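Report on the following structure.
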Amino acid sequence: MLELADRHDLGSCAARREGSSPSVPTHADIFLGRNTNLKIETQPRDDHQVTMIVEIEAEQMEAARHRAARRIAQKVKISGFRPGKAPFDVVRRMYGDGVINEEAVEILVDEAYPEALKNSNIEPAAPGALEKIESMDPPKFIFTVPLKPTVDLGDYTSMRLLYNYTPPNDEKLEEELTNLRRMYAATETVERAVQDGDYVLLDVTGTGAGAESDAAPLVERKGFAIVARSDVRDTEWPFPGFASRLIGIEPGGKKEFSYEYADDFSEADLASKDVNFEVLVKTVRGVNMPELDDALAQKTGLGQTVAELRERMRENIDGDALGKYEDVYFEELINQIKAGATIKYPPQVVDHEVEHVMNDLEHRLKDQGVENLEAYFKIIDSNRERFIEEQARPTAIKRLERGLIMDDIARAEKIEIDNESLEVEFNNSWATLAMTDPDFAKRTKNGTKASREMIDAVAMDSANRLLTRRVLNRIKEIATGGTVNILDLVASAVQPPTAEPTFVEAVAVEPVAEEVAVVEEVAVVEPVAEEVAVVEPVVEAKPTRKKATKKKAD
16 MLELADRHDL
26 GSCAARREGS
36 SPSVPTHADI
46 FLGRNTNLKI
56 ETQPRDDHQV
66 TMIVEIEAEQ
76 MEAARHRAAR
86 RIAQKVKISG
96 FRPGKAPFDV
106 VRRMYGDGVI
116 NEEAVEILVD
126 EAYPEALKNS
136 NIEPAAPGAL
146 EKIESMDPPK
156 FIFTVPLKPT
166 VDLGDYTSMR
176 LLYNYTPPND
186 EKLEEELTNL
196 RRMYAATETV
206 ERAVQDGDYV
216 LLDVTGTGAG
226 AESDAAPLVE
236 RKGFAIVARS
246 DVRDTEWPFP
256 GFASRLIGIE
266 PGGKKEFSYE
276 YADDFSEADL
286 ASKDVNFEVL
296 VKTVRGVNMP
306 ELDDALAQKT
316 GLGQTVAELR
326 ERMRENIDGD
336 ALGKYEDVYF
346 EELINQIKAG
356 ATIKYPPQVV
366 DHEVEHVMND
376 LEHRLKDQGV
386 ENLEAYFKII
396 DSNRERFIEE
406 QARPTAIKRL
416 ERGLIMDDIA
426 RAEKIEIDNE
436 SLEVEFNNSW
446 ATLAMTDPDF
456 AKRTKNGTKA
466 SREMIDAVAM
476 DSANRLLTRR
486 VLNRIKEIAT
496 GGTVNILDLV
506 ASAVQPPTAE
516 PTFVEAVAVE
526 PVAEEVAVVE
536 EVAVVEPVAE
546 EVAVVEPVVE
556 AKPTRKKATK
566 KKAD
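Quick note on the numbering used here: the sequence shown kicks off at 16 and runs consecutively.
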């Protein structure tokens, strides 16, 4: 296949695209000539591509045949002639018209394709494809050209959505302080019934209601450790509220109960099932939590005094709550815009975004110790094809569409970034990476030395992050009819080092900084929106050639 020589990476929605039209005369200018008349017919397709039929003057084919013969003579050794100097008739006699015509078609396609794009005012988004050679006398080629994505935002300025963030109250702070004390608590084995907050080691078995006595259990785990809690949490295993069922069981005691799973439960084997559980409590360990004092504050590294600890904890809680609120808020805003927008793109752009989704996932899995994607597919009992169609492609489409929306809003609202703000963002990003990313710290000697490539990458990431924040701020201003500034809110909310990224962070950063996919729980990480990206056309010099549909050149 003939890949375009200057093919630009379409990128995930983070990359900036630049056109690749040459500023100096090309072979097409020289060979086709200023007065060459290409007969071009275009036929729009339903998938945001265009069929382009290009007919070239017959005499140009003969000129191309002679050029092809010279190329062949340069590649092979012909007795009695220097490379490239053998006459046309000699080359023709030795290799035949078929070989010469094949090379001539390559020349014509490579040089006529970009000229046809220019003459037709077509802006491709990805490499085109030579689908068919309709005839050789005169030369007539049929191309498929993927078009640049287009977005019509509709009346997005009429959207309205109240921004009503309320910081967590003191009760939430006390709850988190208790959890912090629990992290530093000492435990001891006790001979009493399970109480709220105890660590419990147990065996759990779950069988389908009405199943035969020798039927395999639907749930089975030996030596399962869990914290008994009176409150119900959605993330509990094997179901929400399971931990509360353990309170009151004596060490060595058993308890039976049942649970009916919802139809949309995440584990397909349990969805819609009525399961009978039996638990055996093996060990109960009581918790002796430390006092909330200055010594504990210093041990946590969050302050020297209880007052400083409380202040830092409140900042962390507020930042986490703000991030979660904005996850929901901005997703709803972008969905409103999307509902009124018309977005068109060719399938090749989606395929390219799928590649980025898969690459992102593979990098995260390696960070978690999973060797490669094939090993991951075995863990989740899937394969590459099924995983792409069920998870990666839907994720890619959502990322692409939201990224295109963000692009268009940035253009429509003329949102830009200044050098001073970019410098501040870059310095903050660089310092954060040096402190939190061991690999980055090692490669840059704790941020003191780095390659130009790495500096440029962080600079681009910083620019994307800053531009995204400003786009989000603008659409919130539109939606609220006010001027609440999310930059001020984000700046006032200090995130703990291990916190999940806020919406602003998740939509702006590349995979390194997006939230990590947990192998057991998450297949594809999908930020609610992608970073702002200006998608410029890529003018291709050569189309991919589909040889299976090409007629033999006689």
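Every residue gets a Cβ at the ideal spot worked out from N, C-alpha and C, and that includes glycine.
Quick caveat, the model's predicted, so the values are computed rather than measured.
For Leu162, DSSP records a beta bridge to Pro139. For Leu217, the secondary structure class from DSSP, reduced to helix, strand or coil, is strand.
If you look at Asn442, you'll find it in the alpha helix (DSSP H) that goes Asn434 to Thr451. Leaving aside the five residues that flank Leu233 on each side, the residues in its chain whose CB is nearer than 8 Å to its CB run, in chain order, Gly221, Thr222, Gly223, Asp284, Leu285, Lys288 and Val290. The beta-bridge partner set that DSSP reports for Ala240 consists of Leu216. The C-beta distance from Val114 to Pro139 rounds to 30 Å, too long to meet the 8 Å contact threshold. Cβ atoms of Lys359 and Thr165 come within 8 Å of each other, at about 5 Å.
Per DSSP, reduced to three states, the secondary structure at Arg300 is strand.
For Thr483, the enclosing alpha helix (DSSP H) has its first and last residue at Arg467 to Thr495. Residue pairing for Gln58: DSSP places it in a beta bridge opposite Thr66. As computed with DSSP, Asp333 is found in no beta bridge at all. DSSP, read as helix, strand or coil, puts Ile148 in strand.
When the beta-carbon positions are compared, Ala84 and Val106 come within less than 8 Å of each other. With a threshold of 16 other beta carbon atoms within 10 Å, Lys353 meets it and is buried. Tyr171 sits buried, since 16 or more C-beta atoms from the chains shown fall within 10 Å of its C-beta. Taking C-beta atoms as the reference points, Val65 and Leu53 fail to come closer than 8 Å. Per the Cβ contact rule, the segment 207-216 is in contact with the segment 298-305 (3 or more Cβ pairs under 8 Å). Under the criterion of beta carbons closer than 8 Å, Pro361 and Leu162 qualify as touching, at roughly 6 Å.
In this structure, the straight-line span from the alpha carbon of Arg327 to that of Lys339 is close to 19 Å. In the pairwise beta carbon analysis, the segment 430-444 is classified as touching the segment 471-483: at least three pairs are separated by under 8 Å. Between the alpha carbons of Gly143 and Gln363 lies a distance of about 10 Å. Distances from the CA of Ile55 to each of Glu117, Ser135 and Ile93 were compared; the closest alpha carbon is that of Ser135. If you ignore the 5 residues before and after Ile264, its C-beta comes within less than 6 Å of the C-beta of Val209, Lys270 and Val296, all in its own chain and listed in chain order. Residue burial is scored here from C-beta neighbours: Gln75 has at least 16 other C-beta atoms within 10 angstroms and is therefore classed as buried. Taking the CA atoms as reference points, Leu307 sits about 14 Å from Gly316. With 16 or more other CB atoms across the displayed protein chains lying within 10 angstroms of its CB, Met421 is buried. Cβ contact annotation for Arg489 (same chain, cutoff 8 Å, sequence separation greater than five): Ile424, Glu428 and Ile430, in chain order. Bounds of the alpha helix (DSSP H) holding Lys413 are Arg408 to Ala427.
Under the Cβ criterion (8 Å, minimum of three pairs), the segment 393-407 does not count as touching the segment 448-467.
For Tyr391, the enclosing alpha helix (DSSP H) stretches over residues Leu388 to Ile394. Rounded to whole angstroms, Asp366 and Pro409 show a C-alpha spacing of 11 Å.
Its chain contains Leu307 and Met328 as the residues whose beta carbon lies nearer than 7 Å to that of Leu192, once the 5 sequence neighbours on both sides are disregarded; these appear in chain order.
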